[in-house]
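In our numbering, the protein residues as written are 573 to 1452.
The next block holds one structure in the form of structure tokens; read it before the comments.
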RNA sequence: GGGCGGUUAGCUCAGUGGGAGAGCGCUUCCUUGACACGGAAGAGGUCGUAAGUUCAAUCCUUACACCGCCCACCA
């Protein structure tokens, strides 16, 4: 659009407001059409690979993608411009639990359960759903300008990835790192599946701590041991009372039996265990190994039986022990009934209000029930050790560093990972059972049949119905997407990747597991840098949630303000050490204004009467004005700073740096300065050169507007996407001239300030007495920028700084007097401060030399300035 | 209970061992040939509290208060 306007020679016909909706989708389509995001492995260039954390197939873009995915896009685009073999590898996760939940809900609307459909048809339906409705998030990512290599997109359920998963499972099994066993697991009754420890969320609840007496004799309910519990419904499965071995209150009772109320059908022993806290409750605790993790450990230590009374539907079951009238009651209903009965029988002594935390399932939100169950596990200790070593010797590091301690602590205290799930959508375990119950683990059914025939003499196999935890397949993501176990070029060139960017909430679920599995199967860490990006909250610091109604949809922001604006608004708020962003829509509006500023600066450049040069070249160095040299020096410094900041993953400061350069340096000063007549010959070249460079610096952050503007300027190549990153060595550096320009800026500000005090209309010229030793070009800029008429007066001071300081503003005597008096007052206080400081012997003796010298210089400068102002004040009072 | 962040202008946040910053909001002026999604000039802060280190502390140390996050087997 801009380019066409340029050719038409009528840029002023362009609208004054930038319209991202007209630009963004069009440019994205072109980029994708030309395959600018696609790369092949090229060993001749350094790789820069980022594996996209695969969003759930059920997922939709949210603000968090702004803080995590936008930075990945920034890095990939930046490294591509640096000429590296840069590729961002995308994909989608099959999100077993979430997808299954969607489908089950869908079926329910049809009055069906998944069993009515059968596994095969259910899985078929899940595939259909994933293909048609799923992956919509990829479209949203396109709209946000994210540029991963779509041709390489992978789905965790793809056959290649599933077969990699089976390979990993089989190998770990053969190495003895995967086993099947009956352990206490977290059961999610509403999802009807296990949940791993890392997927639990603890919620504080107000409840009660009930004191209950277990009697020594059925005949005397008043004589017994008092325990405290928050979960009376589990007492039906109690197998013991535990006390601390050195608790004097109970020591003589250890070994005795008590009756188990309220049924009083069996007795349980009192045992001693160090894990009991004598300070808590009554110091005696009921032990229910089948329904509590700590009790399970105590039960194991004491060889206690482990009856269950809560079944998979979270109802009371009498399969193991008598449960009397409570059979089949819901767990919470049972609690009420049991409490009532205990009360009636005199065993309930007290109900004390108590705040406690319950484990809930992250996915379903249901209260998780610890249950004994036969499941598959990964032995973690052996895998964790190398992952810890890799962190400790620096092969992986965290940004910010502090997250490393989180990772370390988790790995040090790691527990076995329950990987079997009782859902149908996902990678089915490559495990078969013979009629005798022998396990056969193999990558394919044929192989399993052969093994079974050879080892057990049967071909009658039943496959384990369970599927693997979704995180099992994402744990091998950095190499499974490169074609592992095949020895592909991709695998050879692109493993390991260069950085992982993700939210802090999945350091355990995903990051640590990728490191462990990467080390185990590829013998190298999957990425050296782990960048933990901040979580986005609302402006009040609350999590965004549907129930609060404070969710901001990034797609709506992109619609309203443009994807570039959305990206800038998030990036500018990121801080290297920050762990949260409080998002306010006003930041997006501000970024939209920024883009509009860029648009209008471009309109100005395109509308220059002299037209733009064909090629992007700078005029000879001698032709450059002060302002040119200043902006080029500032550009050079901006390029260097941007590079440093992006290399450090400091996206916030990088965004801030280009933002300030564009607005406060280029637009506010340089563009204004080019309106002076003197620039006619060179300005179009310098303006378009600097603007071209600025657009390239901006491109990783705001890909659309930078491309649109860049294409309209003199440029090399087809697209900014593959343009080269600006090189500061391509243009002259003249710090001295740049400094002269900053002296001019201060003078302009001083004059403008006076103008305001005089109350001049913005267009009315003020008259300035400018010393003869201020060079003509500088004086001309002063006249332009301060809207002034220049009268030359006698040379004053030594050097440009002093000469400019001597510039006088002609103004009514009263205004000048007030102004000078204010200045005198300010200068005196500064001089006073400096004198006191330098008069302090301790300061002069102990402060670093340059600090003292600087202080002296400042003091001298203030004194000179004071002398000048006082002279001016005196001159004012003398009769003309 | 343990660990980690945070506390700076009305709001959201930068920042630094040596004279407190931005954006938004607010006040005044300005529809000047890029831009009112703009320009210019301003007002506004004892940098959470208290001690300590230092010639010098908003910055370093300690304690405390409040807010937030993570971890943990308080039954």
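All C-beta atoms, glycine included, are put in the ideal place defined by N, C-alpha and C.
| message | Short of 6 Å in beta carbon distance, which residues of its chain neighbour residue 1380, apart from the five on each side in sequence? Order them along the chain. | response | 1341
| query | So is residue 990 buried or exposed if we call it buried at 16+ other beta carbons inside 10 Å? | reply | buried
| field | Ordered list of beta strand (DSSP E) runs contained in the stretch 966–1020, each at least 3 residues | value | The qualifying runs are 969–971, 1003–1005 and 1011–1013.
| Residues that residue 1071 bridges to, as DSSP identifies them | Answer is 622 and 1101, bridged to residue 1071.
| query | Where does residue 929 fall in DSSP's three states? | reply | strand
| message | With DSSP as the reference, identify every bridge partner of residue 765, one or two as the case may be. | response | 760
| Which residues in the same chain as residue 1014 place their Cβ atom closer than 7 Å to its Cβ, once the five residues preceding and following it in sequence are excluded? | 742, 1002, 1020 and 1023
| request: Report, in whole angstroms, the separation of the C-beta atoms of residue 671 and residue 740, which I expect to be a contact under 8 Å. | output: About 22 Å; that fails the 8 Å criterion.
| message | Does the stretch 671–687 come into contact with the stretch 633–646, if we say contact requires no fewer than three beta-carbon pairs (one atom in each stretch) closer than 8 Å? | response | no
| Using the beta-carbon count (16 or more within 10 Å), is residue 1102 buried or exposed? | buried
| task | Return the first residue and the last residue of the beta strand (DSSP E) that residue 1239 is part of. | result | From DSSP, residue 1239 is part of no beta strand (DSSP E); its letter is neither H nor E.
| Cα-Cα separation between residue 667 and residue 1042, rounded to whole angstroms | 6 Å
| message | Given a cut-off of 8 Å on the beta-carbon distance, is the pair residue 1100 and residue 968 in contact? | response | One thing to note: residue 1100 has its Cβ within 8 Å of the Cβ of residue 968.
| Using CA coordinates, which residue listed in 1440, 1384, 1362 and 1416 is at the minimum distance from residue 1399? | 1440
| task | Please go through the same chain and pick out, in chain order, the residues whose beta-carbon is closer than 6 Å to the beta-carbon of residue 1304, but skip the five residues on each side of it. | result | Taking residue 1304 as the centre and dropping the five residues before and after it, the same chain places the C-beta of 1193 closer than 6 Å to its C-beta, in chain order.
| said: Can you tell me whether residue 862 is helix, strand or coil according to DSSP? | reply: helix
| Start and end residues, alpha helix (DSSP H) containing residue 1446 | 1421–1449
| query | Near residue 1384, what residues of its chain come up, given a Cβ to Cβ distance below 8 Å and the 5 sequence neighbours on each side ignored? | reply | 1330
| query | Roughly how many angstroms separate the alpha carbons of residue 1436 and residue 1111, rounded to a whole number? | reply | 49 Å
| message | Does the contact criterion of 3 or more C-beta pairs under 8 Å hold for the stretch 1044–1051 versus the stretch 1085–1094? | response | yes
| To the nearest angstrom, how far is it from the Cα of residue 1202 to the Cα of residue 1307? | Going by the C-alpha atoms only, they are around 7 Å apart.
| Within the chosen definition, does the stretch 1289–1303 reach the stretch 1199–1216 through at least 3 CB pairs nearer than 8 Å? | yes
| query | Residues in its own chain within less than 6 Å of residue 831 by CB, not counting five upstream and five downstream? | reply | 787, 790 and 839
| query | Since residue 1357 and residue 1173 are thought to touch, with beta carbons under 8 Å apart, how far apart are those beta carbons, to the nearest angstrom? | reply | About 17 Å; that fails the 8 Å criterion.
| Nearest neighbour of residue 1142, chosen from 1160, 1132 and 1026 [CA to CA] | Residue 1142 has its Cα closest to that of 1160, out of 1160, 1132 and 1026.
| Roughly how many angstroms lie between the CA atoms of residue 1091 and residue 1134, to the nearest whole one? | Approximately 42 Å between the Cα atoms of the pair.
| message | Measuring straight from C-alpha to C-alpha, what distance separates residue 626 and residue 1117? | response | 22 Å
| Range covered by the beta strand (DSSP E) that runs through residue 944 | 941–950
| task | Can you tell me the Cβ-Cβ gap for residue 1368 and residue 1347, rounded? I've got them flagged as a contact below 8 Å. | result | Residue 1368 to residue 1347, Cβ: 14 Å. No contact.
| message | Considering just the uninterrupted stretch of the beta strand (DSSP E) at residue 789, what are its terminal residues? | response | From DSSP, the beta strand (DSSP E) with residue 789 extends over 772–789.
| residue 934 in three-state terms, based on DSSP | coil
| Closest by C-alpha distance to residue 1287, when choosing among 1316, 1313, 1188 and 1318 | 1188
| task | Would you identify the three-state DSSP class for residue 1286, choosing helix, strand or coil? | result | coil
| First and last residue of the uninterrupted alpha helix (DSSP H) at residue 1364 | Counting along the chain, residue 1364 falls outside any alpha helix (DSSP H), though it belongs to the beta strand (DSSP E) covering 1360–1365.
| request: Tell me whether residue 731 is buried or exposed, calling it buried when 16 or more other Cβ atoms sit within 10 Å of its Cβ. | output: exposed
| query | From the DSSP output, which residues share a beta bridge with residue 726? | reply | 663
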